[in-house]
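Quick notes on the structure that follows.
Number of protein chains: 2
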Amino acid sequence: MPHDRDVQVHLLPDLAPPDRLAGGLAVVIDVLRSTTTMIHALASGCTAVRPCLEVEEARQLAGQMRVGRVLLGGERGGLPLPGFDLGNSPAEYTAKACCGTTLVLTTTNGTRACYRAAEAERVLIAGVVNYSAVCEQLRQDDRPIHLICAGTDGEIALEDTLLAGAFVDFLCEVSEVRLNDSARLAWDCFENHGQVLLGALQIGKGGMHLQRLGLAEDIQAAAQVDQFNLVPELRRDPLRIEVGAVGIVQSRWPKLK
Amino acid sequence: MPHDRDVQVHLLPDLAPPDRLAGGLAVVIDVLRSTTTMIHALASGCTAVRPCLEVEEARQLAGQMRVGRVLLGGERGGLPLPGFDLGNSPAEYTAKACCGTTLVLTTTNGTRACYRAAEAERVLIAGVVNYSAVCEQLRQDDRPIHLICAGTDGEIALEDTLLAGAFVDFLCEVSEVRLNDSARLAWDCFENHGQVLLGALQIGKGGMHLQRLGLAEDIQAAAQVDQFNLVPELRRDPLRIEVGAVGIVQSRWPKLK
Numbered sequence: 001m002p003h004d005r006d007v008q009v010h011l012l013p014d015l016a017p018p019d020r021l022a023g024g025l026a027v028v029i030d031v032l033r034s035t036t037t038m039i040h041a042l043a044s045g046c047t048a049v050r051p052c053l054e055v056e057e058a059r060q061l062a063g064q065m066r067v068g069r070v071l072l073g074g075e076r077g078g079l080p081l082p083g084f085d086l087g088n089s090p091a092e093y094t095a096k097a098c099c100g101t102t103l104v105l106t107t108t109n110g111t112r113a114c115y116r117a118a119e120a121e122r123v124l125i126a127g128v129v130n131y132s133a134v135c136e137q138l139r140q141d142d143r144p145i146h147l148i149c150a151g152t153d154g155e156i157a158l159e160d161t162l163l164a165g166a167f168v169d170f171l172c173e174v175s176e177v178r179l180n181d182s183a184r185l186a187w188d189c190f191e192n193h194g195q196v197l198l199g200a201l202q203i204g205k206g207g208m209h210l211q212r213l214g215l216a217e218d219i220q221a222a223a224q225v226d227q228f229n230l231v232p233e234l235r236r237d238p239l240r241i242e243v244g245a246v247g248i249v250q251s252r253w254p255k256l257k
Numbered sequence: 258m259p260h261d262r263d264v265q266v267h268l269l270p271d272l273a274p275p276d277r278l279a280g281g282l283a284v285v286i287d288v289l290r291s292t293t294t295m296i297h298a299l300a301s302g303c304t305a306v307r308p309c310l311e312v313e314e315a316r317q318l319a320g321q322m323r324v325g326r327v328l329l330g331g332e333r334g335g336l337p338l339p340g341f342d343l344g345n346s347p348a349e350y351t352a353k354a355c356c357g358t359t360l361v362l363t364t365t366n367g368t369r370a371c372y373r374a375a376e377a378e379r380v381l382i383a384g385v386v387n388y389s390a391v392c393e394q395l396r397q398d399d400r401p402i403h404l405i406c407a408g409t410d411g412e413i414a415l416e417d418t419l420l421a422g423a424f425v426d427f428l429c430e431v432s433e434v435r436l437n438d439s440a441r442l443a444w445d446c447f448e449n450h451g452q453v454l455l456g457a458l459q460i461g462k463g464g465m466h467l468q469r470l471g472l473a474e475d476i477q478a479a480a481q482v483d484q485f486n487l488v489p490e491l492r493r494d495p496l497r498i499e500v501g502a503v504g505i506v507q508s509r510w511p512k513l514k
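Chains as they are written, first to last, in my numbering: chain A, 1 to 257; chain B, 258 to 514.
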């Protein structure tokens with residue numbers, strides 16, 4: 001008899017114990033906005049994303065790269081950083097800006113989630129914008145799954161939990177699973193908010209903050225289900241994110257109201 | 258125009274920032290089992306509960322009290338402790354055992370939640386078993402509310418989140434509220450599991466663990482909606498829990514299936 005597949009949600013990076021991630025498949029989720037931005041950047045022609053925890057580290061790393069082949073992007077408190085090329089708005093990452101460059105990116109919550117997730121054997125980067133493509137990768141893999149939510153400034157975020165719940169919903173459909181309690185909560189969240197996605201992204205703390213900053217368009221961008229069919233994947237030495245698999249077999253998100 | 262009332266859920270004690278609790282009303286939730294046990298003990302005639310973080314601290318405190326006037330209770334890993342009078346099963350706390358005694362209690366998760374909650378101005382102790390009585394106190398108070406879930410060994414627990422969500426549901430009905438993202442998640446959990454309460458308590462990690470230990474009856478005991486009409490409240494100098502308000506105006510839990 002095959003084992004049930006372990007599907008664990010960690011509602012914050014700090015709630016994902018590094019030793020439990022070992023040997024597993026981790027999915028990093030920061031819907032507003034860093035994983036959405038990474039997907040946009042790679043889709044627009046960046047060859048890799050180099051996540052940095054600290055602003056100064058990002059500056060130094062970018063400084064070592066060839067001018068014209070590097071983009072320095074990110075935010076603190078949601079706002080662009082002085083001297084950086086771009087902020088953390090997905091729409092800034094156009095083909096013109098991105099083509100052939102390496103993106104050095106530092107964000108408040110998402111890069112931290114990437115570093116924690118790096119304890120896992122394989123790491124994928126997910127947003128609403130590449131949901132079904134990530135589903136396909138989860139289906140093809142057989143490792144235990146860890147869905148790691150970035151949250152907002154150390155607080156659990158509604159939008160990340162919602163997307164984690166969408167993956168739980170998919171996984172429950174395609175295999176026998178063993179869920180942790182947080183996976184059940186995420187599933188509940190998806191059941192109640194999955195069909196009113198944009199509204200859910202707007203009422204959470206992160207979404208409210210973006211609206212106050214005049215960045216409501218970023219929420220719209222983050223809510224575009226299956227806009228892309230690529231799955232960014234973490235590579236090592238040095239730690240970076242590149243396009244991994246590409247392709248959607250079937251759109252998985254329920255119809256939006 | 259009156260302000261919306263702040264209602265925040267903290268899905269683990271460590272996720273409740275002490276400085277934010279100041280001036281607020283905190284509700285400690287550890288359905289399986291410590292807050293349920295505290296309510297049973299006080300209803301059965303204990304005059305106070307003295308929560309202790311460490312086993313040795315509990316032993317010493319009990320050792321200083323008059324023989325026959327103290328009960329030493331608690332668990333580690335769900336199991337009773339050597340030399341202790343009682344474990345952490347609500348049904349052990351009978352009138353015969355409790356009458357006129359002080360309960361010195363140390364548990365893995367619940368006592369920790371009490372200490373974090375003590376940063377708030379007023380602290381209530383809640384279980385499913387005194388749900389509507391706690392609702393009545395929340396309605397009468399006007400401080401910002403913090404619902405603090407104990408969780409299970411550092412992990413978010415379904416049953417605690419469910420009860421927190423039941424309070425959110427009540428508070429949304431009786432006043433204008435401002436919810437944090439975790440409060441929305443808890444509310445989702447309550448909406449999906451509130452009518453199948455016993456089943457929800459059985460599928461969570463804590464409930465599964467109790468069943469493996471042969472303590473399934475404790476889950477039944479924890480699921481008795483409104484069995485009691487008393488609200489334990491934290492007092493200080495020394496830190497202890499005593500019967501605060503008593504009384505249910507109206508049963509608030511939705512009909513169980």
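Think of the CB as a built atom: it goes at the ideal place given N, C-alpha and C, for glycine as much as any other residue.
What you are looking at is a predicted structure, and each value in this text was computed from that prediction instead of being measured.
Distances from the alpha-carbon of Arg379/B to those of Tyr388/B, Leu404/B, Arg369/B put Leu404/B closest. Residue range 282-286 is occupied by the beta strand (DSSP E) that includes Ile286/B. Within the segment 407-441 of chain B, contact with chain A at the beta-carbon level (separation under 7 Å) is assigned to Glu412, Ile413, Ala414, Leu415, Thr418, Asn437, Asp438, Ser439, Arg441. Just measuring C-alpha positions, the residue of Gly411/B, Ile460/B, Lys462/B, Tyr388/B sitting nearest Asp426/B is Tyr388/B. Only those residues of the segment 449-463 of chain B whose C-beta falls short of 9 Å from the nearest C-beta of chain A are listed: Asn449, His450, Ala457, Ile460, Gly461, Lys462, Gly463. Counting along the chain, Ile498/B sits inside no alpha helix (DSSP H); it lies in the beta strand (DSSP E) bounded by residues 497-503.
Where Gln8/A is concerned, the enclosing beta strand (DSSP E) starts and stops at 5-10. In the structure shown, Pro401/B falls within a coil segment according to DSSP collapsed to helix, strand and coil.
Looking from the CA of Gly154/A, the closest CA among Asp263/B, Val264/B, Ala273/B, Arg435/B belongs to Ala273/B. Annotation for Pro80/A: Gly87 place their beta carbon closer than 6 Å to its own, counting only its chain and skipping 5 residues before and after.
Along the segment 261-285 of chain B, the positions whose C-beta sits under 7 Å from a C-beta of chain A are Leu268, read in chain order. The Cβ atoms of Ser301/B and Tyr350/B sit closer than 8 Å to each other. DSSP places Pro82/A in no beta strand (DSSP E); its state is neither H nor E. According to the DSSP assignment, Glu490/B belongs to the beta strand (DSSP E) that extends over 487-492. At least 8 Å separates the CB of Asp483/B from every CB of chain A. In the DSSP assignment, Val327/B falls within the unbroken beta strand (DSSP E) covering 327-331. In the displayed model, Cys149/A falls within a strand according to three-state DSSP. In this structure, the straight-line span from the alpha carbon of Ile498/B to that of His297/B is close to 12 Å. In this structure Cys446/B is buried. Its beta-carbon is surrounded by 16 or more other beta-carbon atoms within 10 angstroms.
With 16 or more other CB atoms across the displayed protein chains lying within 10 angstroms of its CB, Leu179/A is buried. With 16 or more other CB atoms across the displayed protein chains lying within 10 angstroms of its CB, Cys371/B is buried. Annotation: the continuous alpha helix (DSSP H) that includes Arg277/B extends over 275-278. Rounded to the nearest angstrom, the gap between the Cα atoms of His193/A and Arg184/A is 14 Å.
Around Ala200/A, the same chain offers Leu158, Glu159, Leu162, His193 as residues with beta carbons nearer than 7 Å, after the five sequence neighbours per side are excluded.
For Ile413/B, the closest alpha carbon among the candidates Glu313/B, Leu268/B, Gly367/B, Cys309/B is that of Leu268/B. Contacts with chain B at 8 Å (Cβ-Cβ) include Asp188/A. In this structure, Ala164/A is the residue among Gly74/A, Gly100/A, Ala164/A with its C-alpha nearest to the C-alpha of Gly127/A. Between the alpha carbons of Ser346/B and Asn486/B lies a gap of roughly 20 Å. Annotation: Ala91/A is outside any beta strand (DSSP E) and is labelled neither H nor E by DSSP. For the set Gln227/A, Thr102/A, Leu215/A, the Cα lying nearest the Cα of Glu75/A is the one of Leu215/A.
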